[in-house]
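See structure below.
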Amino acid sequence: MTYQFQKITVLIVEDNQPMLDITRALLNVFGVGQVIGAAHGDAGYKKFCEYNPDLVIADWMMKPMDGISFTRLVRNDAASPNPYVPIILMTGFSEKRRVLQARDAGVTEFLAKPFSARDLYKRLVQVIERPRQFVRSPDFFGPDRRRRRATSDFTGPFRRENDTQAGMSLIQPLMEQDIRNREAESHAILDKLRRQAGLGKGDKIDIRPEDIDWV
Amino acid sequence: MGMSENENDGNIRHFNRQPVRKAEFIMPPNTLKAKVGSGGLAEEILSKAELLLEKNTADFLPLADMYLNSLQKGMDQARDTDTSALDESGNESVIAAMLYPAMQLKANGGMFRYPMVTRIADRLIQFLEVIHKADLDALEIVMAFHATIRAVVLGRIMGDGGRQGADLIAALDDACHRYFERNPNMKTGIEHHYVDSL
């Protein structure tokens, strides 16, 4: 049994036509039944109201309306047909403060560009298998911003009722690959630091706390 | 002591009092899951999708040209502005005019088989994210990035650039380090990537 993507409609809001074409082509390969495209947030919201898609993938930087304003409209506008729809925001930004800004607008997941087909798939699996609960407070409506990373050695109870074993088994290999990538990246940085400092492989790097920019 | 998370420019949230209206938590029905079911996608479909990206024949040049021109405009604007007379938000606007096209180059390079453009533009973003104003010294660095990216695109260097590519990036890194050595008051540090950690 595999995902029946042919049953869903996805809206892509992206002002860069070649990028929209690529994303659409990937979703078609995944078997998505209907893919709607829009060139900016304003047009995207009209299409959203018209088609009421099951999932939205939006770019951040667009004119006249960007992905953040579009997300706010979807979440808060009285005419929105589904304020709970999962929204995946595509962006080249990955700095923490910018990610937080987008998250506070009500985005469900991020997809950092450039991305691979597996990156896109991983985000789809996240929104399907681990949907966020929503929070309504006086100053915010949107997906709960406090999701924490599940680790591969987590043996305790699942955090949510919908954290099924089947769902976790899909996500876990992707997360483990992530961890391996991060480890490789860290080793590369350490090697570079060693080279710059003229140190050998076994030499200890003397880093003082004040050398590190904690973010 | 630094500002706490609840403070914002001296504006203390809720005047240090507990909010009286509690947040409401809602778990909407998972209609997406109900429609697609379980089981994920077969490995062969994912491989086919990866292949589609690898074989993507869309021409990156027109896009790159558009973003490089936009970056050039941002640089021209910075050069024509007396950044020392601007306040923080004015300087942010000047930097943003260069940062956004840099972000687009980073985002699109790798999608259109120019991973080196992504790597160089990423370094440029790291630089622009930690400077406070685009003075002439900083602009020189941005110009070097701009020229390098243009050379990569015009030279149609689609791979990682090999040894020469690594040397180019190392040279740009060194230029940034030298800038911060000359301007020790500018914040420096490695901005880690957080997208996946949230």
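Protein chains in written order, with numbering that gives the first Met the number 0: chain A, 0 to 214; chain B, 0 to 197.
Virtual Cβ for every residue (Gly too), placed ideally from N, Cα, C.
Computed from a predicted model, the values in this text were never measured in an experiment.
Interface criterion not met: the Cβ of B/Q71 is under 8 Å from no Cβ in chain A.
For the pair A/R131 and A/Y83, the Cα-to-Cα distance works out to about 10 Å. Per DSSP, the continuous beta strand (DSSP E) segment holding A/E108 begins and ends at 108 to 111. B/A41 and A/F4 have their C-alpha atoms roughly 12 Å apart. It is roughly 22 Å from the alpha-carbon of B/R16 to the alpha-carbon of A/D103.
With contacts defined as CB atoms closer than 8 Å, A/I11 and A/V28 fail to qualify as a contacting pair. Shown here for A/I56: same chain residues with a beta carbon closer than 6 Å to its own, the five before and five after excluded, namely I11, I87 in chain order. Sequence-ordered contacts of the stretch 32 to 54 of chain B with chain A read K32, K34, V35, G36, S37, G38, G39, L40, A41, I44, L45, K47, A48, E49, L51, L52 [C-beta pairs closer than 7 Å]. For chain B, the residues of the stretch 18 to 31 of chain A that bring a beta carbon within less than 8 Å of one of its beta carbons are M18, D20, I21, A24, L25, V28, F29, G30, in chain order. In the DSSP assignment, B/S92 falls within the alpha helix (DSSP H) that extends over 87 to 108. The Cβ atoms of B/I25 and A/F133 sit closer than 8 Å to each other. Residue pairing by DSSP places A/L10 opposite A/I35, A/V55 in a beta bridge. Listed in chain order, the positions of the stretch 20 to 31 of chain B with a beta carbon within less than 7 Å of a beta carbon of chain A are R20, A22, E23, F24, I25, M26, P27, N29, T30, L31. Chain-ordered, the chain B residues with CB closer than 7 Å to the CB of A/G91 read M102, Q103, K105, A106.
Residue-level contact check: A/K45 does not touch chain B, since none of the beta carbons of chain B fall below 8 Å from its beta carbon. The beta carbon of B/I140 is closer than 7 Å to those of F126, A174, C175, Y178 in its chain, skipping five residues each way along the sequence. For A/I86, the secondary structure class from DSSP, reduced to helix, strand or coil, is strand. In the pairwise beta carbon analysis, the stretch 50 to 67 of chain B is classified as touching the stretch 13 to 21 of chain A: at least three pairs are separated by under 8 Å.
Taking the beta carbon of B/Y99 as reference, the chain A residues within 7 Å of it are M60, listed in sequence order. DSSP places B/I130 outside both helix and strand once states are collapsed to three, so it counts as coil. For A/V124, the closest of B/L45, B/R162, B/Y66 by C-alpha to C-alpha distance is B/L45. Residues of chain B with a Cβ closer than 7 Å to the Cβ of A/T1 are, in chain order, G38, G39, L40, A41. Relative to A/R129, the option among B/L138, B/L31, B/I94 whose CA is nearest is B/L31.
The count of Cβ pairs closer than 8 Å, one atom from the stretch 124 to 138 of chain B and one from the stretch 101 to 119 of chain A, stays below three, leaving the stretches out of contact.
Excluding its 5 nearest sequence neighbours in each direction, A/R122 has C-beta neighbours in its own chain below 7 Å: I87, E108, L110, listed in chain order. Listed in chain order, the positions of the stretch 112 to 142 of chain B with a beta carbon within less than 7 Å of a beta carbon of chain A are T117, E128. Chain A places a beta carbon closer than 8 Å to that of B/M110, counting this residue as a contact. The beta carbons of B/M74 and B/L138 sit about 6 Å from each other, so the pair counts as a contact at 8 Å. With respect to the C-alpha of A/L99, the residue from A/V31, A/A116, A/R145, A/P172 having the closest C-alpha is A/R145.
A direct Cα-to-Cα measurement between B/A133 and A/K45 gives close to 39 Å.
Taken atom to atom, the span from the alpha-carbon of A/M61 to that of A/E13 is near 7 Å. Partner residues in a beta bridge of B/I156, as assigned by DSSP, do not exist.
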